[in-house]
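**Student:** Below: one structure in structure tokens.
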Amino acid sequence: MINEILNSITFIYPELAVSIFLLIIVLVDLVFHKDKKYIPYISLAGLVITGILVLNQIGITHFAFVPQLSAVKKYGMMTIDPFGSYFKLLVVVTSILIIFFTIASEEVIDLKERLGEFHALIYGMILGMLVMISASDLILIYLSLELLSLSSYVLAGFLKLRERSSEASLKYVIYGSVSSGLMLFGISIIYGLTGSTNLYVINSLIQGPQINLFTLSFSSILMFVGIGYKISAAPFHFWTPDVYEGAPISITAYLSVASKAAGFALLIRFIQTGFTSFISEDGYWTLIAVFDWQALLIAISILTMTLGNFSALWQDNLKRMLAYSSIAHAGYILLGIAVLSNQGLIAVLIYFFVYMLMNIGAFYVVMLISNKTGSENIDDYDGLGAKAPFLGVALAIFLISLTGLPPTAGFIAKLYLFIALIDANMIVVAIIALLNTVVSLYYYVRVLKHMYLTKSEREQENITPSIGSLVYLLVLLIPILFFGIYFTPIVEFARSCVSLLGI
Amino acid sequence: MIELIYLTILLPLLGFVINGFFGKKIGNEKVIGLIGSSTVGISFVISLLALIETINLPVEQRTNVVELFTWMSVGSLNISFSYLVDQLSLVMALIVTGVGFLIHVYSIGYMHGDKGFYRFFAYMNLFIFAMMNLVLGDNFVVLFLGWEGVGLCSYLLIGYYYDQKFEKGTVAQAAKKAFIVNRIGDFGFLLGMFLIFETFNSLNFLEVFSQAKHLTGAESTFGFIALFLFIGATGKSAQIPLFVWLPDAMAGPTPVSALIHAATMVTAGVYMVARASIIFASAPVILAVVAVIGLLTAVFAATIGLVQTDIKKVLAYSTVSQLGYMFLAAGVGAFSAAIFHVMTHAFFKALLFLGAGSVIHSMHHQQDIMHYGGLKKYMPVTFLTFIIAAFAISGFPGLSGFFSKDEILWFSYANGNFVYWLLGALTAVLTAFYMFRLVSLTFFGEERFSHDKYHPHESPKVMTIPLIILAVLSVIGGWIGIPEVFSGEHGNVFHNWLAPIFLDAELKLAYYGAHSHTEELILMAISVSAALFSMYGAFKIYTQRREIAEKFALKFKKAYMVLLNKYYVDEFYEATVIQPIQKSSEKFLWKIADNKLIDGIVNGTAVVITSFSSVIKKMQTGVAQVYALIMMTGIAAILFWIILSL
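Chains as they are written, first to last, in the working numbering: chain A, 1 to 503; chain B, 1001 to 1646.
Below, the structure written as structure tokens:
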């Protein structure tokens, strides 16, 4: 037993590093009471170390924490595989970008006293996400999801004095607890049916004939609701705009990328490990005949992208518009899973990498502008192209990439998604997604119209970003343009990371 | 050096980046000119070393692929940036970088004092970059990128003096014309590419050609591929019916005309046909079309050249005519003769343009040869080199043009028929005539310009030295391709060098006509003596008896006017293509299709979407209980669906 635990520890170095730095941040926060300006750098250092540890894990495939008691085969509570490492890397890189984000964000700078808590909570989220990505046991899944959620509830309402922020936090809590309650309900039923909480064991048990299909479907749906709320899939997405609008913008960006990525990783692992009976040579998954997962996923994804895009059409607040846009993107990504093939999975991995760059970028520009103007309203973007040429061009590129037009990486992401759909003969679905993209063009380009074609009514001073912000934006912009033209590297990397630890 | 061939592509790109982005800051003409020409010069040296290395390899190892990186790999489509270094691409690379280098150096003098000096060199470097991609790419996609790239540079450089007038319109209009006409050809090329991918499931040269070699019985497919590719070639290489842009391209600076519109870019079509020789050889009908179009273009353009009075216009029509020769050669299956003429033509035509540039430079941008005359004593070097080039292009025995032109004429008879030869020889006679008309009116006779306004002088050394080098090449450049009738069995070095590339195509075409050397010598004697007579006649008429030419023009006034107005082709296109398109796009496409139909659909859709989205908006009430209610309804709906489907 002890041996197994000691042995397993070598596979969770990234999680351990995050936990240790979480403690360090709390301690530093307590000891250096007066001066907290070093805390962001400590958390950056921790993330860099975590990132290196994750990089070392790429390519490794292994179970960790295998219970000695299990009589059948040895399945662990955690699964280390290239797929998980890809998402962990994504989460760590996103976190690093977000820490830099907070350094420039005046909302966060104003916190001063509470900076330590802020970073400790972010670390709580990271720990939750990393464990969630690897978890192959329902109990661990639930625990990590709760850890992630609890930290995000607090962070969403971190600007205590702002009414909207508190409202956001409260809604998030209520909605989150309902969902996690439903999920827990689902888990308990699955345990009741199979007598196990391990996804691998569940997979082998539900292949037998004695399982009650309706009960199993019911519990799976409840699980799906819990995850669906995390990835803000319709109709479980209603919290998203309110929370995204109320939360500090850095946290909004973080929630829209990292926590969504972890949620998607969990969904993919849940379906692939729990329900796949075998994977054909050309990469298509055959699922155990419980119910039609594919139809459900397609329906949910179309509903999600349509609701997201159509609601975004009339938003005048950019933060809220980007919130809806992130819902729509969740819909596209869900389609990649709905293909139920490795090709679709590659598309999802590519999409998330690109989505991280362009979404954080768009939020960053919105943050910089609201730092200056104190507003996220689209009318305040009038004539911005002339007053802040660099920010204008940067935002334009991010939005064009979000739309999915060449020569940006956003185009490549959508291209691979559509290729996967068409290869799987899901032409109608592809057309619906394409039409949705057309709708999204409207609200993205509307911002450009305000920036470049509408003259501002009131006089405003020029906005010149600091050197740091300039570098930050370039770091995001260059890959978007570069991978838009030469995309083989990310495709190859995603292809090498597509394998999950099978049965 | 073969594996470093990518440097020949990257260096000009580097030059473009430096001059294009920092040229304005650098400001110093010497530095900019040095960067611009040295990058091309080094590329030339690398190409030369690669050539030497390739020569030292055994014949079967002379085809090398240098792979840089995979650009994209989607399904069965695999496109990589890799370069094919073989006998053909090396010849082209040497022409592009060698002649390109000389023209870059020349431009330092020619463009001196121009406010856009850095811009000029940046575009020129970008052109070399694109052209090298075109000739070295190992698949159709890289070739096409280069193809489009040279088109873009051509557009930018024709429109270099974008704020000035040109003939009836503006320089910008001339540039647009070149671009649009080229796009028509490019469309054909794209269709050809798609069809190639459809047929062979690959766009890689070596794969496609080795498949094409064994594929039999698909004549109509090959026919369509070849036809589409050839449409592309007629655009880029200014053949009937898409030649109209090249004369207008003379609106650009003269070095541009020399480099892009004479020596390199316009020969891209010939290169492409030669590269895809196996495809064309598999479609004999289209090959005949190539020959006929080439021949017609050659005669047609040469006749226009007889009466033009703008020095650059004469040379432009001469280029169109010579390009026709090259297609004639390709069309009768003499691909190596076509490439040989590409090379010799690059030497003497670049020289003619640069010489013309030197004259224009010293005559304060006066381009009308009726206002020249007697310039030989003012600019001896320009005169001497120009007349060497004129002898070369007219096919004076022993000079480069003689060997390449004679080879084409011979193959047009041996592989083609007597009519091909006759029209080809006629073109040679016409060429000799208009070239010596040009020489006589420019350098001989009385001075027809006022000394108050013009002060002709010799150009600086930086311009004359490239002229001298090109003159030497125009003389000796043909000696590597001396026909077998003089050099004996397997004595044609150039032909032997390229033979492995065209072997498959020639086997497929199987021309084994029995023709004797005597026949060849007789035909050669006839065409050469006719050309010599024509040269002498033109010289006599335009130096001493100009009234003969004037009388002649008066007597055949109608024919003269037709030629002077270039057969009214531009007017014909204006009336049959441009006007109808403009009218119908205004009356129908704009006022009905766009304003009513498309706007109607768009606005209608927008109304529907707006109303739909306002319904959705109402769901987002901000009340948490409602959210939970919708969520529960959603779960219930899913469960209901599962119950129904179980």
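The beta carbon of each residue, even a glycine, is placed where N, CA and C say it ideally should be.
On a predicted model such as this, the values are computed, not experimentally measured, just so you know.
Buried or exposed: N1417 of chain B, going by 16 or more other Cβ atoms within 10 Å of its Cβ?
**Tutor:** exposed
**Student:** Which class does A135 of chain A belong to by DSSP, given the choice of helix, strand or coil?
**Tutor:** strand
**Student:** If the cut is a Cβ gap below 7 Å, which residues of chain B does V439 of chain A touch?
**Tutor:** I1609
**Student:** Could you say if the region 276 to 293 of chain A and the region 393 to 413 of chain A meet the contact criterion of at least three C-beta pairs nearer than 8 Å?
**Tutor:** no
**Student:** May I ask whether a heavy atom of the ligand SAM can be found less than 7 Å away from the beta carbon of S1321 of chain B?
**Tutor:** Looking at this structure, you won't find the ligand SAM or any other ligand, since it has none at all.
**Student:** Does chain A have any CB closer than 8 Å to the CB of F1197 of chain B?
**Tutor:** no
**Student:** Give the C-beta separation of L148 of chain A and G128 of chain A to the nearest angstrom, bearing in mind that I take them to be a contact with Cβ-Cβ under 8 Å.
**Tutor:** 3 Å
**Student:** Of the residues A:E4, A:G361, A:C497, A:V365, which one's Cα is nearest the Cα of L481 of chain A?
**Tutor:** A:G361
**Student:** Tell me which residue opens and which closes the beta strand (DSSP E) that T1070 of chain B is part of.
**Tutor:** 1064 to 1074
**Student:** Where does the unbroken beta strand (DSSP E) through S169 of chain A begin, and where does it stop?
**Tutor:** From DSSP, S169 of chain A is part of no beta strand (DSSP E) but of the alpha helix (DSSP H) over 163 to 194.
**Student:** If we cut at 8 Å on Cβ distances, does Y1627 of chain B have a partner in chain A?
**Tutor:** Judged by the 8 Å Cβ criterion, Y1627 of chain B is in contact with chain A.
**Student:** Determine the chain A residues that contact L1639 of chain B at a beta-carbon separation under 7 Å, and present them in chain order.
**Tutor:** F218, I221
**Student:** Answer yes or no: do Y1110 of chain B and T1319 of chain B have a C-beta to C-beta separation smaller than 8 Å?
**Tutor:** no
**Student:** Suppose only complete runs of 4+ residues qualify. What are the alpha helix (DSSP H) ranges in the region 1213 to 1247 of chain B, listed by chain order?
**Tutor:** Listed in chain order, they are 1219 to 1236.
**Student:** Closest to I1643 of chain B by C-alpha separation, out of A:I251, A:S469, A:N212, A:D423, would be which residue?
**Tutor:** A:N212
**Student:** Can you tell me where the alpha helix (DSSP H) holding H62 of chain A begins and where it ends?
**Tutor:** Note, H62 of chain A: premise wrong, no alpha helix (DSSP H); beta strand (DSSP E) at 62 to 64.
**Student:** Could you check what DSSP says for F275 of chain A in three-state terms: helix, strand or coil?
**Tutor:** helix
**Student:** Identify each residue in the region 228 to 244 of chain A for which the Cβ-Cβ distance to at least one residue of chain B is less than 7 Å, and report them in chain order.
**Tutor:** P235, F236, F238, W239, P241, D242
**Student:** Between the region 1036 to 1045 of chain B and the region 1122 to 1139 of chain B, are three or more C-beta pairs nearer than 8 Å?
**Tutor:** yes
**Student:** Strictly under 8 Å for the Cβ-Cβ distance: is L399 of chain A near chain B by that measure?
**Tutor:** Among the CB atoms of chain B, none fall inside 8 Å of the CB of L399 of chain A.
**Student:** Tell me where the beta strand (DSSP E) around F1022 of chain B begins and ends.
**Tutor:** F1022 of chain B -> not in any beta strand (DSSP E); alpha helix (DSSP H) instead, spanning 1007 to 1026.
**Student:** Taking the DSSP output, what are the residues bridged to I80 of chain A?
**Tutor:** A:H62
**Student:** Among residues of its own chain, excluding the 5 on either side of P407 of chain A, which ones have a beta-carbon nearer than 8 Å to its beta-carbon?
**Tutor:** L481, G484, I485
**Student:** Which same chain residues, not among the five before or five after I279 of chain A, have their C-beta less than 8 Å away from its C-beta?
**Tutor:** Exclusion of the five residues before and after I279 of chain A leaves W285, T286, N342, G502 as the residues of its chain whose Cβ lies within less than 8 Å of its Cβ.
**Student:** Counting only runs of 3+ residues fully inside the region 253 to 305 of chain A, write out the beta strand (DSSP E) ranges in chain order.
**Tutor:** 276 to 279, 285 to 287
**Student:** How is the beta strand (DSSP E) around Y1162 of chain B delimited, first residue to last?
**Tutor:** Where Y1162 of chain B is concerned, there is no enclosing beta strand (DSSP E), given that its DSSP letter is neither H nor E.
**Student:** Residues of the region 301 to 329 of chain A with a CB closer than 8 Å to any CB of chain B: list them in chain order, please.
**Tutor:** Of all residues in the region 301 to 329 of chain A, L307, F310, S311, L313, W314 have a Cβ within less than 8 Å of some Cβ in chain B.
**Student:** How should I397 of chain A be labelled, buried or exposed, when 16 other C-beta atoms within 10 angstroms of its C-beta is the threshold for buried?
**Tutor:** buried
**Student:** Using a C-beta to C-beta distance shorter than 7 Å, which residues of chain B count as neighbours of L349 of chain A?
**Tutor:** Result: empty, since nearest Cβ-Cβ is about 16 Å, beyond 7 Å.
**Student:** Consider the Cβ of V178 of chain A: report whether some Cβ of chain B lies at a distance smaller than 8 Å.
**Tutor:** yes
**Student:** Should the region 1379 to 1388 of chain B be called in touch with the region 1273 to 1287 of chain B, which here means at least 3 C-beta pairs below 8 Å?
**Tutor:** no
**Student:** Quick check: the region 1011 to 1028 of chain B against the region 1054 to 1070 of chain B, are at least 3 beta-carbon pairs closer than 8 Å?
**Tutor:** no
**Student:** Report, in whole angstroms, the separation of the C-beta atoms of M356 of chain A and T94 of chain A, which I expect to be a contact under 8 Å.
**Tutor:** Their Cβ separation, rounded to whole angstroms, is 5 Å, which keeps M356 of chain A and T94 of chain A in contact under 8 Å.
**Student:** Using alpha carbons as the reference points, say which of A:E117, A:L307, A:I231, A:L159 lies closest to F32 of chain A.
**Tutor:** A:E117
**Student:** Suppose you measure from the CA of T273 of chain A to the CA of L170 of chain A; what does that come to, to the nearest Å?
**Tutor:** 34 Å
**Student:** Report the option in B:L1422, B:V1074, B:M1001, B:T1008 whose CA atom is closest to the CA atom of E492 of chain A.
**Tutor:** B:V1074
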